[in-house]
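As structure tokens, the structure follows; a few thoughts come after it.
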Amino acid sequence: MRIIVLSILLAIFLSACNTSRPLTNLNDHNIEYLVDNGETLEDVKLSILRAGQSLGWEMTPLKPGLIRGKLNLRAHTAVVKIPYSMQSYSIIYVDSVNLDYDGKNIHRSYPRWVNNLKVKIDDFIASR
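Per the working numbering, the very first residue in the sequence shown carries number 94; after that it's consecutive.
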């Protein structure tokens, strides 16, 4: 009985130590309901740039409809590309440093960073 209890406790402890989560990209997040009639693609671009910068992301426009975002936190780096239009945008993983990406899973903080970016982008688009 004692061995069973210790085995269960060890399994719980080891699962709590798991620092990775499945990597999922944000694809074609609808923003049509956030964009006002008078807004332009440039307004959407500026909202994305300002939202990312407000969270510490280095945002670089690459061409119309595409922004590169880079977040450096302590020893971690995440790089994403953000294709956007008047209807939607995506946040797509490109590269990382010290986030233990294995082709499927990534550090547990990465999804939170991407979700925070999504929420902030939506806020900036809606408040224009």
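Just so it is clear, CB atoms sit at the ideal spot from N, CA and C, and this is done for glycine as well.
Beta-bridge annotation (DSSP): Leu119 is paired with Ile184. Rounded to whole angstroms, the separation of the alpha carbons of Asp193 and Glu125 is 35 Å.
Across the set Ile160, Leu164, Gly131 and Trp206, the C-alpha of Gly131 shows the shortest separation from the C-alpha of Ser220. Just measuring C-alpha positions, the residue of Asp195, Ile185 and Gly196 sitting nearest Asn208 is Ile185. Excluding residues up to 5 positions away in sequence, Glu151 and Val172 lie with their Cβ nearer than 6 Å to the Cβ of Lys163 in the same chain. One thing to note: His122 has its Cβ within 8 Å of the Cβ of Tyr182.
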